[in-house]
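The structure under discussion appears below in the form of structure tokens.
2 protein chains.
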Amino acid sequence: MTTDNHWKHLFAPESVALIGASNTRGSWGHGIMRHLLASPKRKVYPVNPNESEVLGIPAYDSVLNIPEAVDLAVIVVAAPRVPQIMQQCVQKGIKTAVIVSGGFAESGEPELEAEVVKIAREGSIRFIGPNTMGHADTSSGLCTLAWTAQIPPGPVALISQSGNMMHRIIHCGMSLGIGFSKFVSTGNEADLHLEDYLEYMAGDEKTRVITAYIEGLREGRRFLELARKITPNKPIIAIKAGGTTESARAVRSHTAALAGSDAIYTAAFRQSGVIRVDDDDELCDVVTALLYQPLPRSSRIGILTIGGGMGVVAAEAVEREGLEVAHLAPATIEKLNTYLPPRWSHGNPVDMAGISMDEHHLAFSALWTLMEDKNVDAILLQAPLGFSTERLARTFTSEEIEAHHQREGNNLELLHQRVKESGKPVFMVKPSVEFANDPEVSALFRKEELPVYSAPRRAAKVLNHLVWYKRYLDALRENC
Amino acid sequence: MTTDNHWKHLFAPESVALIGASNTRGSWGHGIMRHLLASPKRKVYPVNPNESEVLGIPAYDSVLNIPEAVDLAVIVVAAPRVPQIMQQCVQKGIKTAVIVSGGFAESGEPELEAEVVKIAREGSIRFIGPNTMGHADTSSGLCTLAWTAQIPPGPVALISQSGNMMHRIIHCGMSLGIGFSKFVSTGNEADLHLEDYLEYMAGDEKTRVITAYIEGLREGRRFLELARKITPNKPIIAIKAGGTTESARAVRSHTAALAGSDAIYTAAFRQSGVIRVDDDDELCDVVTALLYQPLPRSSRIGILTIGGGMGVVAAEAVEREGLEVAHLAPATIEKLNTYLPPRWSHGNPVDMAGISMDEHHLAFSALWTLMEDKNVDAILLQAPLGFSTERLARTFTSEEIEAHHQREGNNLELLHQRVKESGKPVFMVKPSVEFANDPEVSALFRKEELPVYSAPRRAAKVLNHLVWYKRYLDALRENC
Numbered sequence: 001m002t003t004d005n006h007w008k009h010l011f012a013p014e015s016v017a018l019i020g021a022s023n024t025r026g027s028w029g030h031g032i033m034r035h036l037l038a039s040p041k042r043k044v045y046p047v048n049p050n051e052s053e054v055l056g057i058p059a060y061d062s063v064l065n066i067p068e069a070v071d072l073a074v075i076v077v078a079a080p081r082v083p084q085i086m087q088q089c090v091q092k093g094i095k096t097a098v099i100v101s102g103g104f105a106e107s108g109e110p111e112l113e114a115e116v117v118k119i120a121r122e123g124s125i126r127f128i129g130p131n132t133m134g135h136a137d138t139s140s141g142l143c144t145l146a147w148t149a150q151i152p153p154g155p156v157a158l159i160s161q162s163g164n165m166m167h168r169i170i171h172c173g174m175s176l177g178i179g180f181s182k183f184v185s186t187g188n189e190a191d192l193h194l195e196d197y198l199e200y201m202a203g204d205e206k207t208r209v210i211t212a213y214i215e216g217l218r219e220g221r222r223f224l225e226l227a228r229k230i231t232p233n234k235p236i237i238a239i240k241a242g243g244t245t246e247s248a249r250a251v252r253s254h255t256a257a258l259a260g261s262d263a264i265y266t267a268a269f270r271q272s273g274v275i276r277v278d279d280d281d282e283l284c285d286v287v288t289a290l291l292y293q294p295l296p297r298s299s300r301i302g303i304l305t306i307g308g309g310m311g312v313v314a315a316e317a318v319e320r321e322g323l324e325v326a327h328l329a330p331a332t333i334e335k336l337n338t339y340l341p342p343r344w345s346h347g348n349p350v351d352m353a354g355i356s357m358d359e360h361h362l363a364f365s366a367l368w369t370l371m372e373d374k375n376v377d378a379i380l381l382q383a384p385l386g387f388s389t390e391r392l393a394r395t396f397t398s399e400e401i402e403a404h405h406q407r408e409g410n411n412l413e414l415l416h417q418r419v420k421e422s423g424k425p426v427f428m429v430k431p432s433v434e435f436a437n438d439p440e441v442s443a444l445f446r447k448e449e450l451p452v453y454s455a456p457r458r459a460a461k462v463l464n465h466l467v468w469y470k471r472y473l474d475a476l477r478e479n480c
Numbered sequence: 481m482t483t484d485n486h487w488k489h490l491f492a493p494e495s496v497a498l499i500g501a502s503n504t505r506g507s508w509g510h511g512i513m514r515h516l517l518a519s520p521k522r523k524v525y526p527v528n529p530n531e532s533e534v535l536g537i538p539a540y541d542s543v544l545n546i547p548e549a550v551d552l553a554v555i556v557v558a559a560p561r562v563p564q565i566m567q568q569c570v571q572k573g574i575k576t577a578v579i580v581s582g583g584f585a586e587s588g589e590p591e592l593e594a595e596v597v598k599i600a601r602e603g604s605i606r607f608i609g610p611n612t613m614g615h616a617d618t619s620s621g622l623c624t625l626a627w628t629a630q631i632p633p634g635p636v637a638l639i640s641q642s643g644n645m646m647h648r649i650i651h652c653g654m655s656l657g658i659g660f661s662k663f664v665s666t667g668n669e670a671d672l673h674l675e676d677y678l679e680y681m682a683g684d685e686k687t688r689v690i691t692a693y694i695e696g697l698r699e700g701r702r703f704l705e706l707a708r709k710i711t712p713n714k715p716i717i718a719i720k721a722g723g724t725t726e727s728a729r730a731v732r733s734h735t736a737a738l739a740g741s742d743a744i745y746t747a748a749f750r751q752s753g754v755i756r757v758d759d760d761d762e763l764c765d766v767v768t769a770l771l772y773q774p775l776p777r778s779s780r781i782g783i784l785t786i787g788g789g790m791g792v793v794a795a796e797a798v799e800r801e802g803l804e805v806a807h808l809a810p811a812t813i814e815k816l817n818t819y820l821p822p823r824w825s826h827g828n829p830v831d832m833a834g835i836s837m838d839e840h841h842l843a844f845s846a847l848w849t850l851m852e853d854k855n856v857d858a859i860l861l862q863a864p865l866g867f868s869t870e871r872l873a874r875t876f877t878s879e880e881i882e883a884h885h886q887r888e889g890n891n892l893e894l895l896h897q898r899v900k901e902s903g904k905p906v907f908m909v910k911p912s913v914e915f916a917n918d919p920e921v922s923a924l925f926r927k928e929e930l931p932v933y934s935a936p937r938r939a940a941k942v943l944n945h946l947v948w949y950k951r952y953l954d955a956l957r958e959n960c
């Protein structure tokens with residue numbers, strides 16, 4: 001059997017056996033069973049010697065008694081029983097498995113883990129885990145998670161050395177409208193390593209961006225070689241945790257991995273084009289930008305704000321994150337003078353100093369002017385565009401509101417086009433929390449693929465990642 | 481007239497004239513008029529020579545024609561007209577003003593500003609601004625803002641050298657359930673300085689915590705002397721912006737202030753007990769902690785998590801923010817062994833390694849045990865306590881859900897008590913975004929005054945501020 005077939009059986013099996021399937025609500029065996037049944041694309045065989053059926057499906061007392069072929073075994077029985085179950089899987093001719101059960105190397109039982117690996121090797125089984133929280137493929141409809149359901153399909157793959165962090169990243173992404181292609185909680189990586197999944201995701205057509213939560217790499221050199229090949233085509237964004245003394249100790253008790261030197265990871269990621277981020281929020285911020293916005297040519301940022309304080313804070317964020325506050329061309333200043341109110345700041349940051357809701361077209365005009373300036377590579381925008389109906393209703397009639405939405409919608413669509421044409425990303429920063437939490441406003445910006453960030457510092461951090469990635473890619477091309 | 485009377489007229493006037501009141505929806509003169517009328521506590525006189533009434537209230541063509549005494553004048557006319565208006569205010573015997581109008585020193589018109597100051601000095605008028613976005617006092621019901629209404633009363637005062645940042649901070653606070661006593665956008669500070677407001681807020685009974693957004697101090701030495709006297713009783717939390725080259729330049733064009741050396745500000749704040757934060761999110765995070773939680777005795781943090789990855793990330797956050805991962809006493813480990821599942825991490829971070837929803841009491845038991853450990857000064861908790869009804873309904877019957885809520889409510893109440901008794905703060909970190917955005921869950925924690933943070937790094941940063949502030953206060957006491 002080829003490796004390709006192993007991957008097919010792992011991520012798009014035609015039949016799955018769940019060993020440890022359960023009718024007890026709240027248990028792993030129950031949660032996974034529900035998710036397996038959510039897709040009609042495959043046969044699901046619950047295995048539990050104490051039940052005649054699980055969730056209405058006839059149960060088997062052993063995989064050996066399942067009458068048909070099984071592509072994938074999902075195992076949630078207690079750790080000491082896993083070797084025997086794996087032997088039965090070998091006997092049944094099953095070639096892939098997901099061992100959800102914990103209680104192996106991470107709990108001071110490396111011999112038990114070694115025994116499982118030995119059985120798998122001899123029987124040509126490739127497996128995820130043990131101690132994994134499962135995996136999923138949104139195009140095949142497979143999900144072996146116990147807790148999170150209904151993950152939207154999309155272009156982002158996720159490989160996580162922590163099940164909880166996988167959940168955090170997925171939820172964070174979902175809240176920003178990000179969809180996922182495939183993801184996997186790698187567990188103890190007794191057989192398949194993070195590097196194997198990375199190689200697989202790199203070749204996956206549905207995946208445009210690869211994300212990872214890393215505690216310790218088992219094949220560091222291979223990771224770097226793979227990353228070097230992948231990042232010119234698909235960005236890799238990674239959290240590397242465990243960079244301090246106590247967190248490194250926590251890594252050992254979590255997945256039995258070695259966290260390694262933080263400085264070495266930093267250097268290695270930089271050399272292979274991997275974008276390193278601090279946490280799940282930052283990871284999702286960068287993903288949104290990479291999916292929807294062009295890479296800026298360089299680091300000179302035009303800042304457009306509704307107020308002076310926001311301009312100050314945005315300029316400080318830009319500089320503190322290693323970017324430059326662009327020096328506007330004289331022609332830009334002159335052009336802005338022709339339509340902005342005379343009180344505007346006459347420089348970058350372009351502070352419009354409180355335009356009214358009737359004057360929103362001025363903000364868009366200022367955006368067009370800034371985008372035309374050759375000294376500007378990207379724009380950070382902090383102005384209350386896209387007001388919600390509720391907010392507008394405090395001041396305007398329903399007819400005025402409709403006209404406002406119409407104008408604003410047209411301008412945002414135009415902005416979307418100009419971003420693509422100019423190759424200059426435009427990052428929106430929420431001017432207020434009131435604005436921030438409005439789903440109507442979020443939907444408006446999402447429709448035009450304009451990323452919205454909660455604070456200037458966060459937007460500037462993401463822009464800096466994009467600038468760095470662009471320079472990495474440019475240097476590669478120059479060396480070719 | 482005493483200074484006290486000036487303050488009373490500014491923040492709790494019995495009568496207000498709005499010069500520049502307007503019927504044009506969306507204009508400043510309209511927005512401020514609406515807010516002034518929101519409270520029945522005072523008489524409001526609109527002044528506008530072109531209108532017979534504004535929002536149904538008879539309008540005057542000049543303050544001079546208002547038949548009764550006026551405590552406070554709010555001025556929103558074009559800058560060149562302000563000197564004349566101020567002269568009329570002097571003639572009318574008005575003693576305080578809020579000059580909302582911009583177009584003075586910040587727009588290259590320092591002479592115009594000097595003229596206004598001269599008139600005010602000679603007429604014994606004290607004033608806020610010019611170029612202010614207004615101020616408010618939630619106990620007197622006064623609000624001179626144009627845009628934000630219905631600010632909940634509470635113990636937090638805010639002094640801001642930016643109107644937009646004031647709005648951001650207020651909205652951010654409101655979204656976390658923080659109420660405000662008084663706030664002011666200081667504008668150009670041509671007359672009243674940030675230091676004046678600080679002294680006033682320090683003596684205000686309704687104010688327990690003072691917050692500030694600072695671009696440049698006009699009386700640095702006075703600020704420090706005031707801060708030294710205030711911070712032993714009321715914490716001061718400040719954002720100091722403009723610490724980089726271009727942001728300092730932006731400060732000059734914003735409020736005509738000098739940003740000054742960032743290093744000097746840092747040193748001065750540390751010497752006077754001022755907690756310096758980076759942005760509005762962090763400011764509100766710290767305020768929540770100071771309002772509801774005790775100051776930790778020292779920096780040894782107990783970490784309790786539902787999963788290993790979260791433990792790793794939390795430990796890293798704690799160490800990177802300058803705190804310590806506590807070394808648990810052997811008795812603590814033994815006690816945890818008696819009830820946690822054997823797979824738990826057997827150390828700090830205490831990773832419960834996936835307890836089910838039926839086992840939530842274990843998380844609370846572990847909390848009690850950690851709080852009893854003398855090596856633990858504060859606790860960072862990242863576990864999905866307080867599930868929403870919607871989430872529970874995916875798995876449990878309505879009776880089970882009710883019982884769950886009952887148990888959970890009791891335990892959270894007990895947690896509240898134990899925090900007060902032990903003097904050990906407990907900070908909750910949202911285990912997932914799904915959990916994060918649930919208003920039912922937020923309300924549950926808010927009821928028991930347990931701050932909830934979106935990421936471990938943010939919680940650790942706040943804890944570190946608290947530890948620093950406690951050490952500052954302890955050192956003060958030792959030196960007495």
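Protein chains in written order, with this note's numbering: chain R, 1 to 480; chain S, 481 to 960.
Note that CB positions come from ideal geometry on N, CA and C, so glycine has one too.
Query	Result
For the segment 807-823 of chain S, enumerate the residues whose C-beta is nearer than 7 Å to any C-beta of chain R, in chain order.	Arg-823
I think Asn-644 (chain S) touches Ile-306 (chain R), with their Cβ atoms under 8 Å apart; what is that distance to the nearest whole Å?	7 Å
Thinking Val-116 (chain R) and Pro-80 (chain R) are a contact (beta carbons under 8 Å), I'd like their distance in whole angstroms, please.	Val-116 (chain R) to Pro-80 (chain R), Cβ: 11 Å. No contact.
Run down chain S in chain order and give the residues with a C-beta less than 8 Å from the C-beta of Ala-241 (chain R).	Gly-789, Val-792, Val-793, Glu-796
Which class does Lys-720 (chain S) belong to by DSSP, given the choice of helix, strand or coil?	strand
How about Glu-695 (chain S): is its C-beta nearer than 8 Å to some C-beta of chain R?	yes
In chain S, what lies closer than 9 Å to Val-100 (chain R) by C-beta?	By Cβ distance, chain S contributes nothing, its closest Cβ being about 10 Å from Val-100 (chain R), past 9 Å.
Could I get the ranges of all uninterrupted beta strand (DSSP E) runs contained in the segment 857-910 of chain S, with 3 residues as the minimum, in chain order?	858-862, 906-909
For Arg-937 (chain S), go through chain R and note every residue whose CB falls closer than 8 Å to its CB, in chain order.	Asp-278, Asp-279
Any C-beta of chain S sitting closer than 8 Å to the C-beta of Ser-356 (chain R)?	yes
So is Thr-255 (chain R) in contact with chain S if we call contact Cβ pairs under 8 Å?	yes
Quick test of the definition: if touching needs 3 or more C-beta pairs under 8 Å, does the segment 708-722 of chain S touch the segment 333-344 of chain R?	no
Where does Ser-298 (chain R) fall in DSSP's three states?	coil
Beta-carbon within less than 7 Å of Ala-329 (chain R)'s beta-carbon, same chain only, minus the 5 sequence neighbours each way: which residues are those?	Asp-373, Lys-374, Asn-375
In the structure shown, what three-state DSSP assignment does Asp-285 (chain R) receive?	helix
Just to confirm my understanding: we take Ser-272 (chain R), look at its own chain, exclude 5 residues before and 5 after, and list those with CB closer than 6 Å. What are they?	Leu-224, Ala-227, Arg-228
Would the segment 877-895 of chain S count as touching the segment 735-755 of chain S if we require 3 or more Cβ pairs under 8 Å?	no
Which residue or residues does DSSP assign as beta-bridge partners of Lys-182 (chain R)?	R:Asp-137
Put Asp-351 (chain R) into one of helix, strand or coil per three-state DSSP.	strand
Within this structure, are the beta carbons of Glu-113 (chain R) and Phe-127 (chain R) separated by less than 8 Å?	no
Can you give me the C-alpha to C-alpha distance between Leu-625 (chain S) and Lys-598 (chain S), rounded to a whole angstrom?	26 Å
So, does the CB of His-465 (chain R) fall closer than 8 Å to a CB anywhere in chain S?	no
To the nearest angstrom, how far is it from the Cα of Gln-886 (chain S) to the Cα of Val-462 (chain R)?	43 Å
Under 8 Å Cβ to Cβ from Lys-575 (chain S), same chain only, skipping five residues before and after it: list those, please.	Met-481, Asn-485, His-486, His-489, Asp-551, Ser-604, Ile-605, Arg-606
Could you tell me which of S:Ala-497, S:Gly-506, S:Glu-494 sits nearest to Ala-393 (chain R), measuring between CA atoms?	S:Gly-506
Report the neighbours of Glu-319 (chain R) on chain S: residues whose CB is nearer than 9 Å to its CB, in chain order.	Gly-723, Thr-724, Thr-725, Glu-726, Ser-727
State the DSSP-derived secondary structure class of Met-481 (chain S), mapped to helix, strand or coil.	Summary for Met-481 (chain S): the model assigns pLDDT 47, below 50, so the residue's position carries little reliability; its value from the coordinates is reported in the next sentence. Coil.
Asn-528 (chain S) to Asp-377 (chain R), Cα distance in whole Å?	47 Å
Whose Cβ in chain S lies nearer than 9 Å to the Cβ of Ser-442 (chain R)?	Residues of chain S passing the Cβ test: none, with the nearest at roughly 12 Å.
Just to confirm, does Val-313 (chain R) get its C-beta within under 7 Å of one of the non-hydrogen atoms of the ligand PLP?	By its list of ligands, the structure shown contains no ligand whatsoever, and the ligand PLP lies outside what it can speak to.
So Asp-831 (chain S) contacts chain R; which residues on that side make the cut at Cβ distance below 8 Å?	Ala-250, Ser-253, His-254
With burial defined as no fewer than 16 other Cβ atoms inside 10 Å of the residue's Cβ, what is the status of Gly-108 (chain R): buried or exposed?	exposed
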